[in-house]
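Have a look at the structure below, then the notes.
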Amino acid sequence: MSPTAIFQTEIAVGDVLKERNGEHVYIVLKTGAGQRWTHLIDTEYLQKSAANHHAQPFQLKTDEVLLRLSPNVEAELALEKLPGLPVIVSERRREPPFVKSRRSEKYRAIVEDPTLSKGWKLIEALLTFDQPLRDDGSHAPYSTHGNAFEELLHRETRAKRISRCAGVVHVSQDTLYRVVRRFFQRGMTPAAAADDYDLCGGRGKPRNWKRRPGRTATKRLLSASARNDEVQRLLQLTADYYLSFEYAKGKRAQKTMEAALDWMRATFLCDRVVYNERREMIELTLSRRIVLTRRQLQYYIQQNYPYEVRRVRQVGKKRYTLHERPLTGKLRNSRGPGEKFHIDATIVDLYLVGNILRETLINEPVVRITDEAGCNFQIDVGI
């Protein structure tokens, strides 16, 4: 007897199924009454980064899925229905009230109308790019029940369809694979296909890394630490020490980046004896997992300190002021022409002679000219 005759359990497209004794959550991509196969995909909702999503659609017999939803099944195979996805992206993307947002108007509009997103337009193109146009020249409406959607569920036909669509819409195949996976894992809605730019920092906002990007170091025991808030503060202290002067007798010596990193490790990352709240001496043991590299410090200084500060550190304040500083100025209490100017400091020597005695000099005036915004005007003329 079929298990569907014993347990009146039904599944539909969009149902969310979770392992009863596990962590995996699946979403139904295609099924129906009388369908022999049911297509599912793992949502991978526990992965913190979308770069770690590698799930692909797979198929199980519909009777097997219904049996796994019943009470009389092995514990490791049992499934249960959930009321919805663990993470609803449309709600996550909404801005919290009374909080200043850095999000642009474009992505605020996408939150209200997800069909404006680039991801959804790519999904529509994948489903309709090979369909004949209507009489008015518009594309045929998309459908998740036709042959085009069926091709996206199988590995062989999915690769061929994505390859053909990439040449039509002029995007990479990797982009289309990411959009299709995101569309499947998040509920097959316009909001599911949209990008995750709401998780990115706004303009001018530093990113708080949770894990270090890039490959693992091969010449060191530990790789460089991710630039989270704690590492950012250590980099700032190290950079301030590296750019500061130490007055001592003899020729001025510059600190190296390695010396600055050694100072940071000796000052902040070494074990020491401290006093607790009861004024008792205790041993403080710090983690050895924080690793700062010379390249991290170099990049931090390049991004956060102006050229003047970096150049003064190299040649000294006196040499920079006398020979290398830009001869520019800026008025503090006015706005308009002449607010920003460049001091040329060119002295023009003019020799005045009379109309009768051409060999006799009358006087030598000095004219100083300042070049401002491309126009020349004369100041300080003395005879």
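Okay, so the sequence shown: first residue is 201 according to the working numbering, each after it adds one. Even for Gly, the Cβ is constructed at its ideal location relative to N, Cα and C. Keep in mind that this is a model prediction, so the values were computed, not measured.
Using DSSP with H/G/I as helix, E/B as strand and the rest coil, what is residue i?
i      : result
Glu305 : helix
Lys410 : coil
His584 : Because the chain in this structure spans residues 201 to 583, residue 584 falls outside the shown range and cannot be described.
Val474 : strand
Glu280 : strand
Cys400 : coil
Ser363 : helix
Glu210 : coil
Asp462 : helix
Lys517 : helix
His254 : coil
Ile490 : coil
Thr456 : coil
Val273 : coil
Arg525 : coil
Phe298 : coil
Thr389 : coil
Thr418 : coil
Ala325 : helix
Between residue i and the rest of its own chain, which residues show a CB-CB distance below 8 Å, the 5 nearest in sequence each way excluded?
i      : result
Ser425 : Arg412, Val431, Arg489, Ile490, Val491 and Leu492
Glu524 : Arg511 and Val515
Phe383 : Gly319, Ile323, Ala392 and Ala393
Ser343 : Leu327 and Phe349
Tyr505 : Ala439 and Leu443
Ser202 : Its pLDDT being 49, under 50, Ser202 is placed unreliably by the model, and the measurement read from it follows with that caveat. Once the five neighbours on either side are set aside, the close Cβ partners of Ser202 are Asp263.
Pro296 : none
Who are the near neighbours of residue i in its chain, counting only those whose CB is closer than 7 Å to its CB and skipping five residues on each side?
i      : result
Glu244 : His253, Ala255 and Gln385
Asn221 : Ala275, Glu276 and Ala278
Thr485 : Asp471
Pro286 : Val225 and Tyr245
Arg420 : none
Gln235 : Thr262
Gln259 : Trp237, Thr238 and His239
Thr315 : Pro390
Please report how far the alpha carbon of residue i lies from the alpha carbon of residue j, in whole angstroms.
i      : j      : result
Pro332 : Arg494 : 59 Å
Arg511 : Gln502 : 11 Å
Met388 : Leu269 : 23 Å
Tyr226 : Glu356 : 22 Å
Ile482 : Arg433 : 25 Å
Phe468 : His239 : 54 Å
Thr204 : Val380 : Low per-residue confidence applies at Thr204: pLDDT is 45, beneath 50, and the placement is therefore not dependable, though the value from the model is reported in the following sentence. Taking the straight line from one Cα to the other gives about 32 Å.
Ala466 : Arg478 : 26 Å
Gln208 : Thr262 : Because the pLDDT of Gln208 is 45, which lies under 50, any placement of that residue in the model is unreliable, and the number read from its coordinates should be weighed accordingly. If I take the Cα positions, the gap works out to 13 Å.
Leu522 : Val474 : 48 Å
Leu229 : Val265 : 13 Å
Lys306 : Lys410 : 28 Å
Gln247 : Arg358 : 24 Å
Gly214 : Val368 : 29 Å
Leu422 : Ala251 : 23 Å
Lys321 : Pro341 : 12 Å
Glu508 : Lys517 : 10 Å
Leu435 : Ser317 : 38 Å
Glu219 : Arg334 : 45 Å
Pro283 : Leu217 : 9 Å
Val311 : Arg294 : 7 Å
Tyr377 : His345 : 20 Å
Arg302 : Gln498 : 28 Å
Val273 : His354 : 28 Å
Leu399 : Ser249 : 10 Å
Tyr520 : Pro526 : 9 Å
Lys281 : Asp396 : 27 Å
Thr416 : His339 : 47 Å
Arg292 : Ser372 : 28 Å
Gln496 : Phe445 : 22 Å
Ala152 : Ala366 : Past the boundaries of the shown model lies residue 152; the chain is included only from 201 to 583, so the question cannot be answered.
Ala460 : Tyr500 : 13 Å
Asn428 : Gly232 : 48 Å
Can you give me the start and stop residues for the beta strand (DSSP E) that residue i sits inside?
i      : result
Met481 : Met481 to Leu484
Lys230 : Val225 to Lys230
Lys248 : Lys248 -> no beta strand (DSSP E), and no H or E assigned at all.
Taking the continuous alpha helix (DSSP H) assigned at residue i, which residues delimit it?
i      : result
Leu260 : Taken as a continuous stretch (DSSP letters only), Leu260 belongs to no alpha helix (DSSP H), being part of the beta strand (DSSP E) at Phe258 to Lys261.
Val216 : No alpha helix (DSSP H) contains Val216, which is instead part of the beta strand (DSSP E) from Val216 to Glu219.
Tyr377 : Gln373 to Gln385
Gln331 : Here Gln331 belongs to no alpha helix (DSSP H), and DSSP marks it neither H nor E.
Arg292 : Val289 to Arg292
Phe349 : Asn347 to Leu353
Val560 : In the sequence on display, residue 560 carries Thr and not Val. Segment: none, Thr560 is in no alpha helix (DSSP H) and carries neither H nor E.
Ala340 : Note, Ala340: premise wrong, no alpha helix (DSSP H); not H, not E.
Asp313 : No alpha helix (DSSP H) holds Asp313; DSSP gives it neither H nor E.
Arg433 : Asp429 to Leu443
Ala394 : Note, Ala394: premise wrong, no alpha helix (DSSP H); not H, not E.
In chain order, what residues of the same chain lie with their CB nearer than 6 Å to the CB of residue i, ignoring the 5 residues before and after it?
i      : result
Ser290 : Ala391
Ala573 : For Ala573, the predicted model reports a pLDDT of 47, less than 50, meaning its position is unreliable; a value from the coordinates is still stated below. There are no such residues.
**Item:** Contact the stretch 311 to 331 vs the stretch 358 to 374: 3+ CB pairs below 8 Å
**Value:** Yes, the stretch 311 to 331 touches the stretch 358 to 374.
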